[in-house]
Amino acid sequence: MSYRITVHSLLLSAAIILPLAHSPAFAETAAQAAEQVIPHELKPPQQDIAQIDENLDGYFEEKPYQIPMVLNESVENHLEYFKTRGRDVFQKWLDRSARYIPVMKDIFREKNLPEDLVYVAMIESGFNPYAVSWARAVGPWQFMPATGKLYGLKVDWWVDER
């Protein structure tokens, strides 16, 4: 069947069906069908809700933070930003984090440092190893040149360990 015939068939079908769809008889039939198929009140099984609550409680109990969390106005503003306008950026950081967090946590564990420090790299650079700030801080941790020098990190033409 050619494209032209298909388009004409679709237009003709729409011209016949659309007026019928707005008729009272059609509306009544659709409402009756919906009543038969969709129950008036949908309630989730109580067992499932209890299981979800139990899992959430366990999740937060198992995941204590090693660095105390402070919830102040600035933190709340940033949380709101990343839940709304900054959501796409934050999602990109989360996607990128899967590559780095396990390795970073292993290193921190070996050095007896709080594993939560990995989240500093998320906020500083979004786990972008090539990030450069306007102030010349570079890398996932955004070390300034003087900070890199202070900690003995090699910075030359070929290597920048910051």
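All residue numbers for the sequence shown refer to this note's numbering, where the first residue is 14 and numbers rise by one. For every residue, glycine included, the Cβ atom is placed at its ideal position computed from N, Cα and C. These numbers come from a predicted model, not from an experiment.
Own chain residues within Cβ distance below 7 Å of residue i, not counting five before or after
i	result
L130	F121
E86	none
W106	M135, G139, F140
K167	E174
DSSP beta-bridge partners of residue i
i	result
V151	V145, F156
V168	D173
Spatially closest choice to residue i from the options, by CA coordinates
i	options	result
R109	Y164, V83, E174, N141	N141
M135	F103, W171, N125	F103
Q79	E128, W147, H91	E128
R112	P77, F95, P153	P153
T160	W147, P115, R175	R175
N- and C-terminal bounds of the alpha helix (DSSP H) containing residue i
i	result
I136	131-138
E93	86-96
M82	Premise fails: M82 is in no alpha helix (DSSP H) and is neither H nor E.
P115	100-123
Contacts around residue i, its chain only, beta-carbon distance under 6 Å, and the 5 residues preceding and following it disregarded
i	result
L145	One detail in the question is off: residue 145 reads as Val in this sequence, not Leu. Cβ within range, chain order: V151.
M157	A150
V116	none
I114	V131
K249	Residue 249 falls outside the range modelled here, since the chain spans only 14 to 175, and no answer is possible.
A148	none
8 Å Cβ shell around residue i - same chain, five flanking residues per side excluded
i	result
G165	none
V20	With a pLDDT of 46 at V20, under the threshold of 50, the modelled position of this residue cannot be trusted; read the value that follows with caution. Closer than 8 Å at the Cβ level, and outside the excluded window around V20, lies no residue.
V172	none
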